[in-house]
Amino acid sequence: MSRTRLLRRLVAAVLVLVVVALTVVLTVGADLADRSMNHVVTAGPYAASPAAESLLRAIEVVDLHADALLWPRDLLERHSYGHVDLPRLQDGHVALQLFSVVTKTPRGINYERNTDDTDNITLLAIAQRYPVRAWFSLRERARWQARRLADAAERSVKDGGVTLRLVRSGADLAALLAERRAGRPVIGALLATEGLHPIEGRLDNLDTLAADGFRVFGLTHFFDNEVGGSAHGVDKGGLTSLGRAVVARIDSLGLLIDLAHASPRLVDDVLGATRRPIVVSHAGVRGTCPGPRNLSDDQLRRIAAGGGLVGIGYWDGAICEPTAAAFARAVVHAISVAGDDHIALGSDFDGSTTTPFDASGMGLVVAALQGAGLSDAQIGKVMGGNALRFLLAHLPAR
Ligand SMILES: [Zn+2]
Numbered sequence: 003m004s005r006t007r008l009l010r011r012l013v014a015a016v017l018v019l020v021v022v023a024l025t026v027v028l029t030v031g032a033d034l035a036d037r038s039m040n041h042v043v044t045a046g047p048y049a050a051s052p053a054a055e056s057l058l059r060a061i062e063v064v065d066l067h068a069d070a071l072l073w074p075r076d077l078l079e080r081h082s083y084g085h086v087d088l089p090r091l092q093d094g095h096v097a098l099q100l101f102s103v104v105t106k107t108p109r110g111i112n113y114e115r116n117t118d119d120t121d122n123i124t125l126l127a128i129a130q131r132y133p134v135r136a137w138f139s140l141r142e143r144a145r146w147q148a149r150r151l152a153d154a155a156e157r158s159v160k161d162g163g164v165t166l167r168l169v170r171s172g173a174d175l176a177a178l179l180a181e182r183r184a185g186r187p188v189i190g191a192l193l194a195t196e197g198l199h200p201i202e203g204r205l206d207n208l209d210t211l212a213a214d215g216f217r218v219f220g221l222t223h224f225f226d227n228e229v230g231g232s233a234h235g236v237d238k239g240g241l242t243s244l245g246r247a248v249v250a251r252i253d254s255l256g257l258l259i260d261l262a263h264a265s266p267r268l269v270d271d272v273l274g275a276t277r278r279p280i281v282v283s284h285a286g287v288r289g290t291c292p293g294p295r296n297l298s299d300d301q302l303r304r305i306a307a308g309g310g311l312v313g314i315g316y317w318d319g320a321i322c323e324p325t326a327a328a329f330a331r332a333v334v335h336a337i338s339v340a341g342d343d344h345i346a347l348g349s350d351f352d353g354s355t356t357t358p359f360d361a362s363g364m365g366l367v368v369a370a371l372q373g374a375g376l377s378d379a380q381i382g383k384v385m386g387g388n389a390l391r392f393l394l395a396h397l398p399a400r
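Residues 3 to 400 in our numbering are what the sequence shown lists, from first letter to last.
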């Protein structure tokens with residue numbers, strides 16, 4: 003072999019080694035990020051009182067917000083870290099989980115003020131070997147995460163265990179509930195966005211996401227975007243002109259707006275602009291925990307008056323201390339202001355949060371609500387009854 007050929011082979015081998023090493027480092031990094039960002043205060047399995055467990059088995063559980071699709075976790079496998087996977091949803095007796103897609107978050111993220119200059123998700127996307135088109139396109143990132151959910155749903159059917167079923171319409175949801183009531187092991191999944199920066203400033207991209215199965219559109223996440231202001235943005239403004247067109251388009255498609263993370267001005271603007279009830283998928287209430295993204299009593303009242311739905315979370319930013327008792331206090335306050343038809347679960351599981359338990363711990367939630375003096379009927383509404391009634395009424399019929 004000539005020296006040039008040997009040299010060429012050596013260079014090629016080194017290049018392959020570098021690529022393999024980089025891939026390993028990034029893959030391990032994404033896994034480590036998942037393990038280090040999504041904690042529980044107490045690891046499962048969880049044991050609630052017999053009274054709480056028996057009520058849990060008699061009601062339907064719906065959670066309005068989880069970010070599990072962001073992480074390199076096979077949803078069909080049970081994990082000892084993070085919050086959501088199919089086995090743990092099954093343990094938690096969950097009927098329907100909303101899966102939100104996170105596509106861009108600022109470095110040094112905080113609740114007070116973030117620009118859109120930096121992005122944590124690019125490296126996470128590359129590390130998880132997203133297709134190259136999704137490395138730099140937020141729209142493609144959202145679509146890839148939707149594809150991952152669809153893939154998990156398809157594989158769950160082949161596995162023959164618990165089935166994960168995509169829900170896109172009222173008819174899908176009614177069919178899911180009928181199957182569950184007949185004792186079949188099936189759990190629904192509904193797609194949502196965490197901010198509308200994935201439409202990349204274009205209304206037609208909203209239609210693309212709707213065609214992919216997205217049904218609930220969070221307008222903003224941690225920074226102000228082309229649609230409107232974030233509670234954690236720089237300007238914290240209201241709806242932009244594109245934002246007004248987006249609201250009208252979501253209304254005309256019969257889909258849903260999520261005002262979690264919205265600036266107060268954006269909340270005002272959307273409530274004034276939409277003809278449909280809105281969702282706040284994951285939040286806290288200022289009555290028990292002050293914070294820039296937690297809802298004031300006045301906001302709670304207006305959202306309820308419009309027929310809306312508010313999901314209360316379990317993490318410290320929503321309820322100030324991540325305990326089931328603090329969650330129950332927030333629910334009791336929200337009910338005292340908005341009535342018991344408008345409050346739901348909005349865990350923010352896998353949203354880089356620390357929660358008291360994971361998705362398998364729903365018996366503890368029931369127990370805490372019982373401890374706070376709610377009736378069985380009220381607990382049934384908060385745990386899922388309100389969300390099911392709302393979604394059956396407001397998702398597209400078919
Ligand atoms: Zn969020």
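Glycine included, every Cβ here is placed at the ideal spot set by N, Cα and C.
- Message: Contact defined as beta carbons within less than 8 Å: I believe tyrosine 113 pairs with aspartate 36. What is the distance between those atoms, to the nearest angstrom?
- Response: With a Cβ gap of about 22 Å, tyrosine 113 and aspartate 36 do not count as contacting.
- Message: For a quick check, are the C-beta atoms of histidine 2 and aspartate 360 less than 7 Å apart?
- Response: Residue numbering for the chain in the displayed model covers 3 to 400; residue 2 lies beyond these limits and cannot be assessed.
- Any chance the CB of glycine 231 is under 6 Å from a heavy atom of ligand 1? Checking the Cβ of glycine 231 against ligand 1 gives no.
- Run through DSSP, which three-state label would glutamine 301 get? helix
- Task: Note down, in chain order, each residue of its chain lying with its Cβ closer than 6 Å to the Cβ of histidine 223, except the 5 sequence neighbours on either side.
- Result: Glu196, Gly197 and His263
- Message: On the DSSP letters alone, give me the boundaries of the beta strand (DSSP E) that alanine 346 sits inside.
- Response: 345-347
- Please state whether DSSP places phenylalanine 61 in a helix, a strand or coil. Here the sequence assigns isoleucine to residue 61, which means phenylalanine is not the residue at that position. Looking at isoleucine 61 - three-state DSSP - the assignment turns out to be coil, as it is neither helix nor strand.
- Task: Quick one: residues in its chain with C-beta nearer than 6 Å to the C-beta of tryptophan 146, no 5 flanking neighbours on either side, listed in chain order?
- Result: Tyr132 and Ala136
- Quick one: grab the DSSP three-state call for isoleucine 321. helix
- Best match in Val26, Ala54, Thr44 and Asp65 for proximity to alanine 285 [C-alpha to C-alpha]: Closest option to alanine 285, Cα to Cα, is Asp65.
- Message: Within the continuous beta strand (DSSP E) that includes threonine 165, where are the two ends?
- Response: 165-168
- One or two residues paired with leucine 98 in a DSSP bridge: Val64 and Gly190
- Distance cut 6 Å, beta-carbon to ligand 1 heavy atom: residue list by chain order: Glu196, Ala262, His263, His284, Asp350 and Gly353
- Message: What would DSSP say about isoleucine 128, mapped onto helix, strand or coil?
- Response: In this structure, isoleucine 128 counts as helix in the three-state DSSP scheme.
- Message: Among the candidates Ala307, Val229 and Gly353, whose CA atom is the shortest distance from the CA of alanine 320?
- Response: Out of Ala307, Val229 and Gly353, the CA that lies nearest to the CA of alanine 320 is found in Gly353.
- Query: Are the beta-carbon atoms of glycine 245 and valine 229 separated by less than 7 Å?
  - Reply: yes
- Message: Taking the straight line between their C-alpha atoms, what separation do you get for leucine 302 and leucine 34?
- Response: 38 Å
- For my contact list, isoleucine 280 and isoleucine 305 are in at a C-beta cut-off of 8 Å; report their separation, rounded to the angstrom. 6 Å
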